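Residue numbers (my numbering): -17 to 241. The beta-carbon is built from N, C-alpha and C at its ideal position, and this holds for glycine as well. Quantities reported herein were computed from a predicted structural model and do not represent experimental measurements. Beneath this line is the structure, given in C-alpha cells, with notes to follow.
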C-alpha cells in the first residue's frame, strides 16, 4: 500500500495531472472515476490506482476483477486526486491521436471540426462530447488549443475522448488544404458571415472552424474558409460560448444529413 506523499508514484501522478510536459514525455494521461476507468480500452491501461475505501467495497473489487492495481491510503489518494470528491479510482492511460489522412478517409458525408486556439478546458471537453453525439468524424486542434489530456477536459468528455478521432496540428493551412482536396467544404462561424448557418447546405462533407473564446478565428484562417456563416443573435449579445456555437453547427449538419 502507498502511504506517503513522498512516494515516487504519487509524485509522478501529481506531475501527470498538472504538467502537460510530463504527459507528453511519458506519452500517457490520467483518468479518474469508475465510468472513465470502465470505458478505457484495456490495451491502453498502463497502471491502476485505488483507495482503501474503494477496494473495501464489494462492487469496487468486482470492477477490478482480472486487473492488477496499486492501493493508495485514503488520505494520500485525496491528495493525489484532481477532484473535490474522488471516487477512489484513477488510471494511467496511453495517449492516442489520429493522423489527418486517417481522419479524412471516412466515406460518406462527414462532419469535422477545426478548433483554433481554444483555451477553456470545459469548452473543449464539451465540444468533444457533443461531437460524438452529433456523429462528427474527427476533431483537429490547431494553434495553442488547450491540452486535451488536461484532467478537466478528460472529465468533460465523459468518455468521448476514447471514441472521437482527434489530432493536433501546427500547420492549419496544410490541414485545410487537405480537407479541401478531399471535397470537404470548410465553413467558419464568423461575424462577417452573410447568411445564417441554417440557410447553408451542410448535407455534404463539411469542416467547421471554431475560434478562440475571446478573439475568434484568425484572419488568415478565416480567409481560407469556403463559407463564413452567421449565428443570429438578439439583444446585446455579440457572440456565443465556443462550445454552444460548435454545438449549433454540428447539429445543424446532423439534421440536414439525416433529414
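Look at the alpha carbon of residue i and the alpha carbon of residue j, and state the distance between them as a whole number of angstroms.
i	j	result
residue 162	residue 46	46 Å
residue 105	residue 222	12 Å
residue 16	residue 31	11 Å
residue 153	residue 238	30 Å
residue 177	residue 95	20 Å
residue 42	residue 33	10 Å
residue 103	residue 129	8 Å
residue 101	residue 44	39 Å
residue 196	residue 190	18 Å
residue 51	residue -15	15 Å
residue 212	residue 157	23 Å
residue 58	residue 200	45 Å
residue 8	residue 80	18 Å
residue 60	residue 37	15 Å
residue 225	residue 121	13 Å
residue 220	residue -17	54 Å
Would you check if the distance between the CB atom of residue i and the CB atom of residue j is smaller than 8 Å?
i	j	result
residue 114	residue 146	yes
residue 150	residue 110	no
residue -2	residue 74	yes
residue 144	residue 23	yes
residue 194	residue 99	yes
residue 86	residue -11	no
residue 117	residue 93	yes
residue 72	residue -8	no
Ignore the nearest five residues each way along the sequence and tell me which others in residue i's own chain have a CB closer than 7 Å to its CB.
i	result
residue 35	56 and 70
residue 186	91 and 167
Take the Cβ of residue i as the centre, count every other Cβ of all protein chains shown within 10 Å, and call the residue buried at 16 or more, exposed below.
i	result
residue 214	exposed
residue 232	buried
residue 48	exposed
residue 133	buried
residue 155	exposed
residue -13	exposed
residue 188	buried
residue 68	buried
residue -5	buried
residue 182	buried
Near residue i, what residues of its chain come up, given a Cβ to Cβ distance below 8 Å and the 5 sequence neighbours on each side ignored?
i	result
residue 137	14, 15, 18, 65 and 107
residue 84	147
residue 230	179, 213 and 222
What whole-angstrom Cβ distance do residue i and residue j have, given they're in contact under 8 Å?
i	j	result
residue 192	residue 207	At roughly 12 Å, the Cβ-Cβ gap does not stay under 8 Å, so residue 192 and residue 207 are not in contact.
residue 76	residue 10	6 Å
residue 26	residue 131	Contact doesn't hold; Cβ gap of about 13 Å is too wide.
residue 127	residue 97	5 Å
residue 245	residue 235	The chain is shown from -17 up to 241; residue 245 falls before or after that span and cannot be answered.
residue 112	residue 204	With 8 Å as the limit, residue 112 and residue 204 do not qualify as a contact, their Cβ atoms being about 23 Å apart.
residue 209	residue 241	Actually they do not touch by this definition, with Cβ atoms about 19 Å apart.
residue 21	residue 141	4 Å
residue 82	residue 202	19 Å between Cβ atoms; not a contact.
Take residue i and list the residues in its own chain whose beta-carbon comes closer than 6 Å to its own, dropping the five residues that flank it on each side.
i	result
residue 88	119
residue 218	none
residue 29	74
residue 135	103, 106 and 107
residue 175	210, 211 and 212
residue 173	none
For chain C, is any of its Cβ atoms less than 8 Å away from the one on residue i?
i	result
residue 18	Absent from the structure is chain C; it holds one protein chain and no more.
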